[in-house]
Amino acid sequence: MMLSSTAWGKFCDRFGRRKGLLSAALLTFAMGVLSAAAPNFHLFLVLRGLTGVGIGGIPQAVTLFAEFLPLAQRAKCVVFIESFWAIGASFEAILAFFVMSAGWGWRWLLLLSSLPLALFSISCLWLPESARYLVAAGRPDLAISSLQRIAQLNERSLPPGRYWLTTFIFISRAFISGAFQCVYVYTPEVYPTTLRALGLGASSSMARLGAIVTPFIAQVASGDSLLIPIM
């Protein structure tokens, strides 16, 4: 993920946010399914590494999302979409509990964990491309078409019965670390449209470096110490 995030950013800046997300989702799904069928440990490591390459492109969803938002609503909307990382992590833990308790084994866990990516890949077929990217790429006609399509959808009334979902989402936000989410709010603002995905990908790769270092620090400095949570 650390190495691929920057590469995915460059890919999205050149070929589009939608194509980048679709490619990353398909790669992650394919490698996840193949990992579940890996015949030996060495091939399993290779496939999991390629799965990480695909996951490195998933944060580009923030780039696409941010480019559709008005400036006044961008911060809270980006925090909202980032909350689904916590929801997904909780769902994965619950799935692992039931799968392993049922004795299905780790292969079924990997397979079931990959299935949502198949649905996401299919949904990408209806996902509009960023109008900002299309204008920067010299295709204003496609940008206008994308915005007109969104405008038609916005004329529809909201379906009833969403009050409980809205309440649940805003309660969930209370448990999200605001400091971490501010990174994804700030980063798209400091880069121009032509380099925004690359900048976000490079920043995301640095987060992966921290994820590598943190368990090592905990292992080396194991014991009762206040320095570990501070670091």
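The numbers in numbering that gives the first Met the number 0 rise by one with no breaks, and the one at position 127 of the sequence shown is 126.
C-beta atoms are modelled at their ideal positions from N, C-alpha and C, and glycine is treated no differently.
All of these numbers come straight from a predicted model, not from anything done at the bench.
Taking C-alpha atoms, which residue in the options lies nearest to residue i?
{"i": "Ser203", "options": "Arg47, Gly51, Ser120, Phe43", "result": "Gly51"}
{"i": "Val98", "options": "Trp163, Leu44, Leu108, Ala23", "result": "Leu108"}
{"i": "Met30", "options": "Leu114, Thr186, Arg148, Leu152", "result": "Leu114"}
{"i": "Gly15", "options": "Ala35, Glu128, Phe96, Arg207", "result": "Glu128"}
{"i": "Phe40", "options": "Trp105, Lys75, Thr5, Gly209", "result": "Trp105"}
{"i": "Ser34", "options": "Val189, Ile86, Leu111", "result": "Leu111"}
{"i": "Ser120", "options": "Val77, Ala196, Ile57", "result": "Ile57"}
{"i": "Leu70", "options": "Pro187, Trp163, Gly87", "result": "Pro187"}
{"i": "Leu164", "options": "Arg47, Ala206, Phe79, Leu44", "result": "Phe79"}
Less than 8 Å between the CB atoms is what I'm expecting for residue i and residue j, so what's the real figure, rounded?
{"i": "Gly8", "j": "Gly198", "result": "7 Å"}
{"i": "Thr27", "j": "Leu116", "result": "5 Å"}
{"i": "Gln59", "j": "Leu20", "result": "6 Å"}
{"i": "Cys123", "j": "Ala24", "result": "7 Å"}
{"i": "Leu266", "j": "Arg17", "result": "Outside the shown range of the chain, which is 0 to 230, sits residue 266, and nothing can be said about it."}
{"i": "Val201", "j": "Ser3", "result": "It should be pointed out that residue 201 corresponds to Ala in this sequence rather than to Val. That belief does not hold up - the Cβ atoms of Ala201 and Ser3 are roughly 11 Å apart, past 8 Å."}
From what residue to what residue does the alpha helix (DSSP H) around residue i run?
{"i": "Tyr132", "result": "130 to 135"}
{"i": "Asn153", "result": "139 to 153"}
{"i": "Ile121", "result": "105 to 122"}
{"i": "Phe96", "result": "70 to 100"}
{"i": "Gly56", "result": "Note, Gly56: premise wrong, no alpha helix (DSSP H); not H, not E."}
{"i": "Thr192", "result": "Segment: none, Thr192 is in no alpha helix (DSSP H) and carries neither H nor E."}
{"i": "Ala37", "result": "Neither: Ala37 is in no alpha helix (DSSP H) and is coded neither H nor E."}
Are there 16 or more other CB atoms within 10 angstroms of the CB of residue i, so buried, or fewer, so exposed?
{"i": "Arg13", "result": "exposed"}
{"i": "Ile170", "result": "exposed"}
{"i": "Phe236", "result": "It is not possible to answer for residue 236, since the shown part of the chain is limited to 0 through 230."}
{"i": "Pro191", "result": "exposed"}
{"i": "Arg148", "result": "exposed"}
{"i": "Ser89", "result": "exposed"}
{"i": "Ala101", "result": "exposed"}
State yes or no: is the beta carbon of residue i nearer than 9 Å to at least one beta carbon in chain B?
{"i": "Ile54", "result": "You won't find chain B in this structure, because it holds only one protein chain."}
Open item on the list: Tell me whether the segment 128 to 141 and the segment 34 to 51 touch, counting them as touching only if at least three CB pairs, one residue from each stretch, are closer than 8 Å.
Closed with: no
Open item on the list: Closer than 8 Å is the cut-off here; do at least three beta carbon pairs connect the segment 123 to 134 with the segment 65 to 80?
Closed with: yes
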